[in-house]
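Residue numbers (the working numbering): 7 to 288. Don't be surprised by glycine CBs; every beta carbon is placed ideally from N, CA and C.
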Amino acid sequence: MPIRPNSQQRRVAISVEYDGSGYGGWQTQTHDAQVVQTKIEHALSKIAAEPISLICAGRTDSGVHASSQVCHFDTYAIRDPYNWVMGVNSQLPDDISVAWALEVDSGFHARFGALSRQYVYLLKCSSSRSAFLKKMVTLTHQSLDPQLMAIAAQSLIGTYDFNAFRSARCQAKTSVRSVTRLSVHHHDQLIAVHVEANGFLQHMVRNIVGVLMAIGAEEQPTSWVKHVLASKDRTEGGVTAPSHGLYFLGPTYCDSYNLPNTVRIPQIARDILRTDPLECVL
């Protein structure tokens with residue numbers, strides 16, 4: 007199907023999933039072309055026959071995965087959704103895939119229009135390592151008590167200054183965020199930490215998980231999380247959990263945009279997130 011030039015730009019939204027283990031994160035860096043954004047922009051530019059720049063819902067760090075990274079771009083090219091998906095996927099490596107595409111109103115903005123964003127962090131407690139899961143979950147030899155982690159997690163639900171949970175390199179103007187969900191799920195050897203907020207600071211989820219892991223290992227009491235939060239000091243917290251256990255599940259938007267499903271659970275996490283969250287009672 008030939009691309010027909012049009013004098014009026016249109017805005018297209020897409021949802022992308024990717025295995026982040028082979029990439030230096032989402033955002034384009036001048037010194038590192040091995041980032042997700044560059045791969046997708048190159049593929050889109052080939053299909054659109056013009057340079058394409060993407061705006062995403064949430065930038066992910068090196069090694070972090072995404073099951074629904076929603077983006078938008080502006081283009082003069084005319085393609086139906088099927089051809090955008092099939093065409094772009096034909097130009098992408100196997101570890102990046104476009105799930106859907108949809109022409110949207112010019113007022114839609116993938117980043118600023120998002121009402122909330124969701125992540126899940128996957129841990130496997132095992133005395134033996136896994137050759138297959140080493141880049142998809144965080145393996146720990148520690149015995150973690152998920153009930154203690156669930157109790158501690160409740161102290162972070164609400165609107166707080168999360169300065170103690172952000173990277174020293176974080177450039178956000180404010181560290182106040184509203185966390186609406188922070189649940190812990192447990193099945194067999196797997197522990198999942200599911201979090202939803204209006205926005206996230208750099209390394210915020212990984213630093214939260216680092217604190218919960220220390221509490222689950224009984225290195226710290228459940229009340230420690232309140233101390234870390236109140237300190238507003240990153241040095242008071244635990245270690246930053248590794249990136250490869252983290253998945254960006256996607257953002258949510260107003261129903262008026264009529265988007266397809268913008269939050270998707272990756273296959274590896276579906277069974278454990280179907281389990282009820284652990285009850286937070288002493």
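Whole-angstrom distance between residue j and residue i, CA atom to CA atom
i	j	result
R135	R240	30 Å
T165	V201	14 Å
C62	R117	6 Å
K179	Q208	12 Å
L150	Y259	35 Å
A198	V104	25 Å
L235	P152	20 Å
R183	N89	38 Å
P87	S13	20 Å
W291	S229	Given a span of 7 to 288 for the chain in the structure shown, any question on residue 291 remains unanswerable.
L139	H192	17 Å
S181	R175	12 Å
Contact under 8 Å by Cβ, residue i with residue j
i	j	result
F254	V70	yes
P257	G64	yes
L98	P266	no
T246	R280	no
V143	G31	no
A203	V215	no
P78	V22	As written in the sequence, residue 78 is His, which differs from the Pro given in the question. Not in contact: H78 and V22 (Cβ atoms no closer than 8 Å).
8 Å contact criterion, which residue i and residue j should meet: CB distance rounded
i	j	result
A83	A49	Between A49 and A83 the Cβ distance is about 13 Å, and since that is not below 8 Å, they are no contact.
V41	Y24	Going by Cβ atoms, the distance from V41 to Y24 rounds to 10 Å, so no, they are not a contact pair.
L128	A275	6 Å
Q294	V269	Because the chain is modelled from 7 through 288, residue 294 falls outside the range shown and cannot be assessed.
Proximal residues to residue i (C-beta, below 8 Å), its chain only, five neighbours per side dropped
i	result
V231	A158, A159, S161, L162, V217, L218, I221
E242	A170, H233, V234
Close-in-space but distant-in-sequence residues of the same chain around residue i (CB under 6 Å, 5 per side omitted)
i	result
R16	E109
S189	H200, P283
S122	E202, N204, T258
L196	K130, I278
L288	Low confidence applies here, because L288 scores a pLDDT of 46, under 50, leaving its location unreliable; read the following figure in that light. Closer than 6 Å at the Cβ level, and outside the excluded window around L288, lies no residue.
S173	Q208, H209
- [ ] Pick out the complete beta strand (DSSP E) segments inside the segment 22-108, 3 residues or longer, and give them in chain order.
- [x] List check, beta strand (DSSP E) in window: 71-81.
Task: Segments of 3+ residues assigned as beta strand (DSSP E) that fall wholly inside the segment 117-157 - done: 122-131, 144-146
Open item on the list: To test your reading of the DSSP string, which unbroken beta strand (DSSP E) runs of 3 or more residues are found completely within the segment 230-270?
Closed with: 252-258
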